[in-house]
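Comments concern the structure below.
Protein chains: 2
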Amino acid sequence: MTDKKLITPRKLQGFWELMPNEEMVFEDILDKIKNVFKTNCFLPLDTPVLEYSDVLLAKSGGDIDKEIYRFTKGDNDICLRYDLTVPLARFVSMNYNILDFPFKRFQIGKVYRGERPQKGRFREFYQCDADITGESLPLTYDAECIKLYEPCFKALGLEVEIEVSNRKILAGYFESLGFGNKINNLMVVVDKVDKLPKVEFIALLKENSLTDAQIDNLFTIITAKGSFEEIKKKVENITDNSTFKAGLEELETVDKRLQAMCMEKESLCYNLSIVRGHNYYTGTIFEAFIKGKRELGAIGGGGRYDNLCGHFIDKNIQGVGMSIGITRLFDILKNENMINLNSSSTSVGIITFDEETLQYGLSLMTNLRENGIRADIFNEEKSFKAKMKEANRKNIPYVIICGEDEVKSNSYTLKNMATSEQVSLTLSKIIDMLIKNNE
Amino acid sequence: MTDKKLITPRKLQGFWELMPNEEMVFEDILDKIKNVFKTNCFLPLDTPVLEYSDVLLAKSGGDIDKEIYRFTKGDNDICLRYDLTVPLARFVSMNYNILDFPFKRFQIGKVYRGERPQKGRFREFYQCDADITGESLPLTYDAECIKLYEPCFKALGLEVEIEVSNRKILAGYFESLGFGNKINNLMVVVDKVDKLPKVEFIALLKENSLTDAQIDNLFTIITAKGSFEEIKKKVENITDNSTFKAGLEELETVDKRLQAMCMEKESLCYNLSIVRGHNYYTGTIFEAFIKGKRELGAIGGGGRYDNLCGHFIDKNIQGVGMSIGITRLFDILKNENMINLNSSSTSVGIITFDEETLQYGLSLMTNLRENGIRADIFNEEKSFKAKMKEANRKNIPYVIICGEDEVKSNSYTLKNMATSEQVSLTLSKIIDMLIKNNE
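Chains as they are written, first to last, in our numbering: chain A, 1 to 439; chain B, 1001 to 1439.
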């Protein structure tokens, strides 16, 4: 071995990899969210990580973005997926004739973006999306996607705060000013309201030909926050533009549906300054925050979009979807000490001393595992003291000692590592106790 | 839209993608296996799909295999992983100083091989591995990996049959004949015993310089099948070679541990003709089959290996692991009609008629979901008859009708779609019934 050249073991920069104690918690988070998606009747989808480049880049007319991982293999021009939405569009388009619409699907999977790695930004990271697609989707589905954050956050022991708007309101206002041809540019400007000093923001609006009066009205709109009634009262008389009116009406219906769905009033806030993704969404838009932690930024968002499959098939498929930034959320929970990274993968460690007690302990281990208890034996040749020390270091809550006496009396000595209490018990008593403890 | 060129939506050939009803079952299988791994105190690991090429190809000295997906991005020479073992070796080597050994990890993830797609062979498919690594691993861990198939298969409603051997037995026999320098070649030949006609197989052995007497003894070894006592009696006097003896002794210890772990005798068969992967394994080797379906081939296998990290660090890390061919297993269960692909993602569908009943139904939906019941509302504007038809087509077992009468009496009409029975119930009764039904 010494004359062999060693390769330094390393991981690609910016690629996410958790240590096992962290991964245990992360998988637990994913499982809880998946369960909520399933209870909400979303179906799982698992598309390939690789796609044909022309399919994945259909939207941009095949233009390559340097963030995208692209290569050829044989005759195939291949990309790694950079989101889960284009694969959804491809899947729905390919299976249009056999899918049952409305099609509610969730997907939690890795996506790839070759951007410069930095804090909180990864080149490989998870996306977690739930979307509803169909040929004609009532606004109830928009409400369903918003409401979905509530049980997802609750399952993680968090409370959510969701801000909701409808893109037609701002678009309609700009239309009413005669700026119908540069709505997307103006949305980009509005998106900067929280990022720029007010003077600079106003200067930018003036550069885009807005008058003082128009800017005043714009501020009335984008500072409107609160219940639907409150924001409606504030903005409804600003213009008669039909797009604007349609946006407000859609928002009113969504609000009514959310109330019927028992959405907590304190979790919901209408905020007409939300822009989100500039030109992708066409109606309802929303962003989700951890309650009381707004400064950490949005943990997720989504909205209504038209024409999901327009690049692939000549059918008009609408969609509305929500997503949770699961990699970011995990990072936040970890940094804010909101998760326990010290829990053990083992509920009970079994200590034996020789060949005879090992046989006794192995049979106990099987028995406990068959009862769903995470039992493990200390297998290595170590002293009793060393094994107890290992149990302590690994935060294993219970230890069962299988010595000569225990074998003779067909019993087991259970030690609570936190309290150091020690009791001699039969197998069935131990199982009862540990199962109760697990619940 | 009509003047735009459409891109034909297609998926890369040989890449696995299930329809949602299949994916539901597949994820359920993965969850069940994960749970067993966790109960057996294995920790989860999730390594990146991409690795540096020199790291991934360290074993082959950087030689590229045309099956491997490899490309460059910026300055990086990158490969898609082709198994989960090299990433494990990389991870253990990188984190050698902070990992707690023995390190028990499981990983279920996609791997990539650019081979020609054919029935049952995929270019992107799942591997499902559980390995134990450490500096000195007692044979109890070998037994643990073998035993692990039993609860995994049981969780899927299957019975397992495992064939076990130890590579040292055949290796020792070849050593005793003076063929110590061509053991790997001879293992490749032995691996063909079931694939070639006996005459051809014997001819091949003769080509490799084995005499008639040596071939006779080889047949005694590779036809030895049964309990450990049976095979030991059959082969123990063939040679005094120390490797051969060590192999038999190791197998005896593994058998003793398996008995202590209450491994079903009928699930276990020693079979000294097993070779598995030619030169990777160094001790215990095993293959798992579905009981009564041996003709479908092995569903998994594994064994003991030395020097996992030898290409990366100057430490001797041993390992023993088991794997389940989960993609293949799913294909088999599907083809043999052993899974139900017709179960609905929805346990109960809610039918409403107008704005008022919709509000009533949405509140019911939230209530049911909060109780863990997969409830969904028929949202689209369709007749009652059309909604009932949809419930039938989607195999939804129950429907709740929320009409004007129900709103007035604050009750709900629950219809069992299989029996057509219809009862009027209060909310709490409905929840009780559906939860009981779910269990």
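Ideal placement from N, C-alpha and C gives every residue a C-beta, glycine not left out.
Is the Cβ-Cβ distance between residue i and residue j less than 9 angstroms?
| i | j | result |
| --- | --- | --- |
| residue 150 (chain A) | residue 322 (chain A) | no |
| residue 329 (chain A) | residue 373 (chain A) | no |
| residue 1038 (chain B) | residue 344 (chain A) | no |
| residue 30 (chain A) | residue 126 (chain A) | yes |
| residue 1052 (chain B) | residue 10 (chain A) | yes |
| residue 1347 (chain B) | residue 1386 (chain B) | no |
| residue 138 (chain A) | residue 1356 (chain B) | no |
| residue 349 (chain A) | residue 390 (chain A) | yes |
| residue 362 (chain A) | residue 1070 (chain B) | no |
| residue 1312 (chain B) | residue 8 (chain A) | yes |
| residue 1415 (chain B) | residue 1401 (chain B) | yes |
| residue 1282 (chain B) | residue 1305 (chain B) | yes |
| residue 220 (chain A) | residue 234 (chain A) | yes |
| residue 43 (chain A) | residue 87 (chain A) | no |
| residue 105 (chain A) | residue 14 (chain A) | no |
| residue 1241 (chain B) | residue 1172 (chain B) | yes |
Starting from the Cα of residue i, find the closest Cα among the options and give me that residue.
| i | options | result |
| --- | --- | --- |
| residue 444 (chain A) | A:410, A:261, A:417 and A:437 | Here chain A comprises residues numbered 1 to 439, so residue 444 (chain A) is not present and cannot be evaluated. |
| residue 1320 (chain B) | B:1035, B:1143, B:1070 and B:1228 | B:1143 |
| residue 1338 (chain B) | B:1294, B:1156 and B:1271 | B:1156 |
| residue 1297 (chain B) | B:1274, B:1429 and B:1413 | B:1274 |
| residue 1033 (chain B) | B:1314, B:1095, B:1365 and B:1152 | B:1152 |
| residue 1130 (chain B) | B:1307, B:1364, B:1311 and B:1103 | B:1103 |
| residue 1404 (chain B) | B:1382, B:1354 and B:1366 | B:1354 |
| residue 45 (chain A) | B:1042, B:1016, B:1073 and B:1056 | B:1016 |
| residue 107 (chain A) | A:215, A:124 and A:85 | A:85 |
| residue 1378 (chain B) | B:1058, B:1365 and B:1407 | B:1365 |
| residue 223 (chain A) | A:207, A:272, A:55 and A:394 | A:272 |
| residue 1232 (chain B) | B:1261, B:1340, B:1269 and B:1203 | B:1269 |
| residue 239 (chain A) | A:265, A:183 and A:177 | A:177 |
| residue 5 (chain A) | B:1006, B:1058, B:1229 and B:1099 | B:1058 |
| residue 76 (chain A) | B:1110, B:1012 and B:1134 | B:1012 |
| residue 293 (chain A) | A:335, A:105 and A:220 | A:335 |
| residue 417 (chain A) | A:429, A:432 and A:398 | A:398 |
| residue 146 (chain A) | A:213, A:393, A:302 and A:245 | A:302 |
| residue 295 (chain A) | A:358, A:392 and A:194 | A:194 |
What is the residue span of the alpha helix (DSSP H) that residue i lies within?
| i | result |
| --- | --- |
| residue 1144 (chain B) | 1140–1147 |
| residue 427 (chain A) | 427–438 |
| residue 1253 (chain B) | 1242–1260 |
| residue 971 (chain B) | With chain B covering 1001 to 1439 only, the question about residue 971 (chain B) has no answer from this structure. |
| residue 1172 (chain B) | 1167–1176 |
| residue 31 (chain A) | 20–39 |
| residue 1409 (chain B) | 1404–1409 |
| residue 1123 (chain B) | Neither: residue 1123 (chain B) is in no alpha helix (DSSP H) and is coded neither H nor E. |
| residue 55 (chain A) | 53–56 |
| residue 1199 (chain B) | 1198–1207 |
| residue 1384 (chain B) | 1384–1393 |
What residue range does the beta strand (DSSP E) around residue i cover?
| i | result |
| --- | --- |
| residue 231 (chain A) | Looking at the DSSP string, residue 231 (chain A) is not in any beta strand (DSSP E); the run it does join, the alpha helix (DSSP H), is 228–235. |
| residue 1356 (chain B) | From DSSP, residue 1356 (chain B) is part of no beta strand (DSSP E) but of the alpha helix (DSSP H) over 1355–1370. |
| residue 1322 (chain B) | 1318–1324 |
| residue 80 (chain A) | 76–80 |
| residue 1111 (chain B) | 1103–1112 |
*Report the residues of the stretch 382–415 of chain A with a CB closer than 9 angstroms to any CB of chain B, ordered along the chain.*
The stretch 382–415 of chain A vs chain B, Cβ under 9 angstroms: 390, 393 and 394.
*Taking only beta carbons into account, state which residues of the stretch 29–46 of chain A come closer than 7 angstroms to chain B, listed in chain order.*
When C-beta distances to chain B are compared with 7 angstroms, the residues of the stretch 29–46 of chain A below that value are 38, 39, 40, 41, 43, 44, 45 and 46, in chain order.
*When Cβ atoms are compared, which residues of the stretch 1004–1017 of chain B fall closer than 8 angstroms to chain A?*
Within the stretch 1004–1017 of chain B, 1004, 1006, 1007, 1008, 1009, 1010, 1011, 1012, 1015, 1016 and 1017 place their CB atoms closer than 8 angstroms to a CB of chain A, listed in sequence order.
*Inter-stretch contact at 8 angstroms, needing at least 3 Cβ pairs: the stretch 157–167 of chain A / the stretch 268–288 of chain A*: Yes: at least three Cβ pairs fall under 8 angstroms.
_Can you pull out the residues from the stretch 112–126 of chain A whose beta carbon lies closer than 9 angstroms to at least one beta carbon of chain B?_
Taking 9 angstroms as the Cβ-Cβ cut-off against chain B, the residues of the stretch 112–126 of chain A that qualify are 112, 114, 123 and 124.
*Is the stretch 1073–1085 of chain B in contact with the stretch 1040–1056 of chain B, if contact means three or more CB pairs nearer than 8 angstroms?*
Yes: at least three Cβ pairs fall under 8 angstroms.
*asked:* If the cut-off is 7 angstroms on Cβ atoms, which residues from the stretch 254–274 of chain A count as contacting chain B, listed in chain order?
replied: Result list: 257, 260, 261 and 262.
*Should the stretch 308–319 of chain A be regarded as contacting the stretch 16–27 of chain A, the criterion being three or more beta carbon pairs within less than 8 angstroms?*
No, the stretch 308–319 of chain A does not touch the stretch 16–27 of chain A.
*Compile a chain-ordered list of the residues in the stretch 297–317 of chain A whose CB is closer than 9 angstroms to at least one CB of chain B.*
Result list: 307, 309, 310, 311, 312, 313, 314 and 316.
*Segment contact flag, the stretch 1198–1210 of chain B with the stretch 1244–1254 of chain B, C-beta cutoff 8 angstroms, min 3 pairs*: Taking a cut-off of 8 angstroms on C-beta distances, the stretch 1198–1210 of chain B does not touch the stretch 1244–1254 of chain B, as fewer than three cross pairs fall below it.
*Taking Cβ-Cβ distances below 7 angstroms as the criterion, which residues of the stretch 1176–1210 of chain B are in contact with chain A?*
Going along the stretch 1176–1210 of chain B in chain order, one finds no residue with a Cβ nearer than 7 angstroms to chain A.
_Residues of the stretch 1321–1333 of chain B with Cβ closer than 9 angstroms to any Cβ of chain A, in chain order_ = Only those residues of the stretch 1321–1333 of chain B whose C-beta falls short of 9 angstroms from the nearest C-beta of chain A would be listed, and there are none.
_Chain-ordered residues of the stretch 1158–1175 of chain B with a beta carbon less than 8 angstroms from chain A_ = Cβ contacts with chain A come from no residue of the stretch 1158–1175 of chain B.
_Any C-beta of chain B within less than 9 angstroms: which residues of the stretch 71–86 of chain A qualify?_
Under the 9 angstroms Cβ criterion, the stretch 71–86 of chain A contributes 71, 72, 73, 74, 76, 78 and 80.
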